[in-house]
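Going letter by letter, the sequence shown gives residues 1 to 179 in the UniProt record's numbering.
Here's the structure, in structure tokens; my notes come after.
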Amino acid sequence: MRGSRSCRGVRRVEHLSHPPTSRRPLVNRLAALLVALATTLALVLVANPAPAQAATAAQRYGAAAEKATNVARAKHDRVKLKGNPCLRKYARIQATKMARKKDIWHQDLNVVLKKCNMSWVGENVAVGYPSGKAVVNQGWMKSKGHRQNILRKQFRLGVVVARKGDDGRWYAAQVFGRR
């Protein structure tokens, strides 16, 4: 639209006519933009499934380790360990820290004892075992101190969380407790 002046000083608006196809470039540009956005989104989702797969693999690792732990306990007439959200939180924090630093160490269990309101706590840590079953059967059960934790009669709660480090190795933290 453009304005013009008439002789009376009144501003008059003239409408310029547009060919009927003049809106089509806008529609075409919008359609192209939508296609580009959809393609980008699809590529991001397809090309980057690692976080979802890593989380699923980590969950499978932890569940397999918890199952192997309870199988070992059953063979020695121990009660099955139950999960606990607070212990899982501290196992997750520990496994994540170890994977980031590519090293293993025990966390301050006094913090876990107090924050999770437990009367007993214990911890096993490991790196480099390819599965949850392997970390229990080939690792912890073959180590005196770790085996004692797994078979300790006082423990009623136990969880395992594993994280895969940038180095491709699994870092596992097993935290035990009793209220």
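All C-beta atoms, glycine included, are put in the ideal place defined by N, C-alpha and C.
Rounded to whole angstroms, R88 and Y61 show a C-alpha spacing of 14 Å. Secondary structure of R178 (DSSP, three-state): strand. With respect to V125, A58 sits apart: the two C-beta atoms are not nearer than 8 Å. Selection G132, K115, Q107 and H76 evaluated against A64 yields G132 as nearest (Cα-Cα).
By the 16-neighbour rule on beta-carbons within 10 angstroms, Q94 is buried.
Taking every protein chain shown into account, the CB of H146 has 16 or more other CB atoms within 10 angstroms, so this residue is buried. R73 sits buried, since 16 or more C-beta atoms from the chains shown fall within 10 Å of its C-beta. In the displayed model, R78 falls within coil according to three-state DSSP, outside both helix and strand.
Comparing alpha-carbon positions, the option among G165, Q154 and G168 lying closest to K82 turns out to be Q154. In the structure shown, W105 adopts coil according to DSSP, grouped into three states. When the alpha-carbon of K67 is set against those of V112, I104, R169 and N137, the nearest one is in N137. As for any beta strand (DSSP E) of minimum length 3 sitting wholly inside the UniProt domain "SCP" (68 to 174), the runs are 120 to 127 and 157 to 164, ordered along the chain.
Taken atom to atom, the span from the alpha-carbon of K115 to that of V79 is near 24 Å.
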